[in-house]
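So the protein sequences, as listed, match chains A and B.
Each residue of the first sequence is one higher than the one before, starting from 0 at the first, in numbering that gives the first Met the number 0.
Each residue of the second sequence is one higher than the one before, starting from 0 at the first, in numbering that gives the first Met the number 0.
Here the structure is laid out as structure tokens; the discussion comes afterwards.
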Amino acid sequence: MTAPEDVPSPIIQAQSLSKWYGQVIGLNTFQLRIMPGITGIVGPNGSGKSTFFKLVLGLIKPNAGSITVLGRSPWKNPDLHSSIGFCPDYESLPGDSTGREFLTLVGRLHMMHGTALSKRIKEVVRLVEMEKALDRKTGVYSKGMRQRMKIAGAMLHDPKLLILDEPLSGTDPLVRKDIIDLIKRLHKDIGHDVIVSSHVLYEIERMTRNVALVYKGRAVASGDISEIRNLMDSHPHNIIIEGGRITALAKTLLDQAYVVSVSFNDSKESVTVQVSKPEEFFNDLPALIDKSKCTVNKMYSLDDNLEAVFKYLVGR
Amino acid sequence: MDLKRVLVGIFALTLHSTKKLLFGKKVFITVLVALFVAAVMGYAGSQSNDPLDDGTNLMDTLILFFFMPVMAMIFGSSLIRDEIDDKSITHVATAPLDRAFSYLGYYLPLAIVVSVSMVAISSVGMLAFFGQHGFGSESLEIYLAFIALVVIGSFVYSSLFLAISTMFTKPVLVGLFYAFIWEGYVGSLPGAIQKASVKHYLRSLGSGWVDFGDISKWDQASSVWGSAALLLGLTVFLLVLGAYLFREKELA
Chain A
0 MTAPEDVPSP IIQAQSLSKW YGQVIGLNTF QLRIMPGITG IVGPNGSGKS TFFKLVLGLI
60 KPNAGSITVL GRSPWKNPDL HSSIGFCPDY ESLPGDSTGR EFLTLVGRLH MMHGTALSKR
120 IKEVVRLVEM EKALDRKTGV YSKGMRQRMK IAGAMLHDPK LLILDEPLSG TDPLVRKDII
180 DLIKRLHKDI GHDVIVSSHV LYEIERMTRN VALVYKGRAV ASGDISEIRN LMDSHPHNII
240 IEGGRITALA KTLLDQAYVV SVSFNDSKES VTVQVSKPEE FFNDLPALID KSKCTVNKMY
300 SLDDNLEAVF KYLVGR
Chain B
0 MDLKRVLVGI FALTLHSTKK LLFGKKVFIT VLVALFVAAV MGYAGSQSND PLDDGTNLMD
60 TLILFFFMPV MAMIFGSSLI RDEIDDKSIT HVATAPLDRA FSYLGYYLPL AIVVSVSMVA
120 ISSVGMLAFF GQHGFGSESL EIYLAFIALV VIGSFVYSSL FLAISTMFTK PVLVGLFYAF
180 IWEGYVGSLP GAIQKASVKH YLRSLGSGWV DFGDISKWDQ ASSVWGSAAL LLGLTVFLLV
240 LGAYLFREKE LA
């Protein structure tokens, strides 16, 4: 029986995939289906994102389980690389080569040559806005320029699937915006399927609604980003408030239904509030501060990073 | 297997790595070695009364015996390891080319660059020595024989050090051990143990081609053709072994 034509096949399917390095577990019975489009892989540093990508590319082999990429097993399958472009999260540009020499090597390894290759190099460097730096040694590039050049190398051979591992890391806000816009264009205008990783959810949110959360070597959740947001909202948030007369504010807070707990930190001027509905809390807070006649000098959420949500999702 | 893709891939890598090796920092070592050889052989030439024998012995001991494995070690023992360490190998490992063939794309430029360096060093040495005594047909024969020997040596030693580069995480240490302790010391010991060095077979080859110096009287336990076959077999074996290990290697 064949699948109906309008149901796309997953571009990546990992089943019970495990990879360990000696005593260290990289991925642990990892289950994930990635459909065509832009997909964000979100997880803190060391969660297993890069290990997953290395398995996708066949750079390492799984210890257990299976993985298929575009319907094929990637280990010892170089033909598959014709359909994949990879931008690693680490520095991989040969520092003693110019951008053009690097792209020429990548192009030739993908069977491109002559004027067709020169033309394509021109196209991709224009796309990543690196025309002026093309003939400079990559060793003198800034972090943002290196990221762009790696992305250019990844898309040079016009692959079906682009894998971008932390393409925004270490870049300034302007470069981030440019790269995010570029990634969106690569899918919308050129039709590439893109898998992009980050440890910051809001960055991924600006590119796609399809996300998979990876934590401690497992895919702990995947789907539409609104589901992840709902999970985050239903998970108690920890907020630290510091200032004067905080004890009065703490008493007032305890009367609110959405406050789970209040605990003082090292001094009586700092309190940690655990709330179940952060949105309501933030709406009510100005009135509560007025009511308790306290002053707030500093307030921050411990849950700004995803770590707490990940812990919540894995039941810790 | 797409033969055209394989050949284009090997050619691309060969071109890239040849350029990288020829115009990299290591080429300064070739220049320094050439200057050293020129000084030593130039001085020896000025003092020699028997230039054909003395010149041949110097080419044998200084270039074939000492610098041949050392230069191959310098260029080859970290070629792949360096790219693994700086992670630039990612772009080769994610190309649509079987890694066994990529390995050839590292071997060919290595062998070419070591050959070019050794031919340059040998030529400088020959000029410095025989330039003082005039070039005759006999000295030209010596020159051509040693050029052939260093080119053959370059291909053999390159396969050896490239395999070491793939096998070990600290290939330079292993390379140093091999070049200086094994080839330099064990290869000079009396008795059958010296047959366990590449140098022994290069000298066996040389004994059939050169009529002067100690190399012409080299103990012919192995015939010239036997030595040639053994060196060829060793090169092929090391290439297959290195390519296999590189293919199986996880690039984490």
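Where a beta carbon is used, it is the ideal one built from N, C-alpha and C, also for glycine.
Owing to the predicted nature of the structure, the values given are computational and were not obtained by experimental measurement.
Output, in chain order, the set of chain B residues within a Cβ distance shorter than 8 Å of Y140 of chain A.
Ordered by position in chain B, no residue passes the 8 Å Cβ test against Y140 of chain A, which lies about 14 Å from the chain.
Which of helix, strand or coil DSSP assigns to Y299 of chain A:
In the structure shown, the three-state DSSP call for Y299 of chain A is strand.
Residues of the segment 147-181 of chain B with a CB closer than 7 Å to any CB of chain A: list them in chain order, please.
Hits within the stretch: zero.
Distance, S114 of chain B Cα to P316 of chain A Cα:
Outside the shown range of chain A, which is 0 to 315, sits residue 316 of chain A, and nothing can be said about it.
Buried/exposed call for A286 of chain A, threshold 16 Cβ in 10 Å
Burial is judged here by how many other beta carbons sit within 10 angstroms of a residue's own beta carbon; A286 of chain A has fewer than 16 and is exposed.
So what does D223 of chain A bridge to, in DSSP terms?
Answer by DSSP bridge pairing, in chain order: A:N209.
Per DSSP, which residues does Y20 of chain A bridge with? Please list them.
Answer is A:V23, bridged to Y20 of chain A.
Alpha carbon of V261 of chain A to alpha carbon of R135 of chain A, nearest angstrom
V261 of chain A and R135 of chain A: Cα-Cα distance of roughly 57 Å.
Would you call N209 of chain A buried or exposed, if buried means 16 or more other Cβ atoms sit within 10 Å of its Cβ?
The Cβ neighbour count for N209 of chain A, taken over all protein chains shown within 10 Å, is at least 16; the residue is labelled buried.
Which residues in the same chain as V6 of chain A place their Cβ atom closer than 6 Å to its Cβ, once the five residues preceding and following it in sequence are excluded?
Nothing listed; no residue qualifies.
Straight-line gap, A43 of chain B to S116 of chain B (C-alpha atoms, nearest Å):
The C-alpha of A43 of chain B lies about 22 Å from the C-alpha of S116 of chain B.
Using CA coordinates, which residue listed in B:L34, B:Y243, B:M40 and B:R4 is at the minimum distance from H132 of chain B?
Of B:L34, B:Y243, B:M40 and B:R4, the residue nearest in Cα terms is B:M40.
Residue nearest to K267 of chain A in terms of C-alpha spacing, selected from A:E279, A:V199, A:G243 and A:R184:
Selection A:E279, A:V199, A:G243 and A:R184 evaluated against K267 of chain A yields A:G243 as nearest (Cα-Cα).
Give me the subset of the segment 45-63 of chain A whose CB atoms are less than 7 Å from a CB atom of chain B, sorted by chain position.
Hits within the stretch, in order: K53, L56, L58, I59 and K60.
Bridge-paired residues (DSSP) for Q14 of chain A:
DSSP, once it has assigned bridges, lists A:S65 as partnering Q14 of chain A.
Three or more C-beta pairs under 8 Å: does that hold for the segment 149-168 of chain A against the segment 74-92 of chain A?
Using a C-beta cut-off of 8 Å, the segment 149-168 of chain A makes contact with the segment 74-92 of chain A, since at least three inter-stretch Cβ pairs fall below that distance.
Under 8 Å, Cβ to Cβ, is there at least one residue of chain A near V7 of chain B?
For V7 of chain B, the answer is yes, since a Cβ of chain A falls inside 8 Å of its Cβ.
Kindly list, in the order they appear in chain A, the residues whose Cβ is closer than 9 Å to that of K25 of chain B.
For the C-beta of K25 of chain B, not a single chain A residue is nearer than 9 Å; the gap to the nearest is close to 11 Å.
Going along chain C in order, which residues have a C-beta closer than 7 Å to the C-beta of V193 of chain A?
This model lacks chain C altogether, as its protein chains are A and B.
Of all the residues that make up the segment 72-91 of chain A, which are near chain B by a beta-carbon distance shorter than 8 Å?
Result list: K75, P77, D78, L79, H80, S81, I83, F85, P87, Y89, E90 and S91.
Taking the straight line between their C-alpha atoms, what separation do you get for A110 of chain B and T170 of chain A?
Rounded to whole angstroms, the gap between the alpha carbons of A110 of chain B and T170 of chain A is 41 Å.
For F85 of chain A, which of helix, strand or coil comes out of DSSP?
Of the three classes helix, strand and coil, the one that applies to F85 of chain A here is strand, per DSSP.
In chain B, what lies closer than 8 Å to P158 of chain A by C-beta?
At a beta-carbon threshold of 8 Å, none of the residues of chain B lie near P158 of chain A; the nearest stands roughly 10 Å away.
Under 8 Å from the C-beta of E249 of chain B: neighbouring residues of chain A
Within chain A, the residues near E249 of chain B are L58, I59 and K60.
Using the three-state DSSP reduction, which class does G39 of chain A fall into: helix, strand or coil?
Here G39 of chain A sits in strand by DSSP.
Say whether chain B places a C-beta atom closer than 8 Å to the C-beta of V124 of chain A.
With 8 Å as the cut-off, V124 of chain A does not count as an interface residue toward chain B.
Whole-angstrom Cβ separation of M58 of chain B and F134 of chain B, contact assumed at under 8 Å?
For M58 of chain B against F134 of chain B, the beta-carbon gap comes to about 14 Å, at or over 8 Å, which does not count as contact.
Among B:L188, B:A228, B:L172 and B:S164, nearest to L244 of chain B - alpha-carbon criterion
For L244 of chain B, the nearest C-alpha among the options comes from B:S164.
Assigned exposure category for K48 of chain A - 16 Cβ within 10 Å defines buried:
Counting other Cβ atoms within 10 Å of its Cβ, K48 of chain A reaches 16 or more and is therefore classed as buried.
Using a threshold of 8 Å, state whether the C-beta atoms of G130 of chain B and I62 of chain B are closer than that.
No; because the gap between Cβ atoms is not below 8 Å, this pair is not in contact.
Burial state of M147 of chain A, where buried means 16 or more other Cβ atoms lie within 10 Å:
For the record, residue 147 of chain A in the displayed sequence is Arg; it is not Met. It is buried - the Cβ of R147 of chain A has at least 16 other Cβ atoms within 10 Å.
Reference L6 of chain B, options A:L163, A:L108 and A:I179, closest by Cα
Nearest C-alpha to L6 of chain B: A:L108.
Minimum C-alpha distance to S141 of chain A - residue among A:V174, A:S275, A:H191 and A:D192:
Per the Cα distances, A:V174.
I'd like to know if the segment 241-258 of chain A and the segment 215-228 of chain A are in contact, where contact means that at least 3 CB-CB pairs between them fall below 8 Å.
Taking 8 Å as the limit for Cβ pairs, the verdict is that the segment 215-228 of chain A does not touch the segment 241-258 of chain A.
Neighbour flag for M144 of chain A against chain B, beta carbons, 8 Å
It does not; no Cβ of chain B falls within 8 Å.
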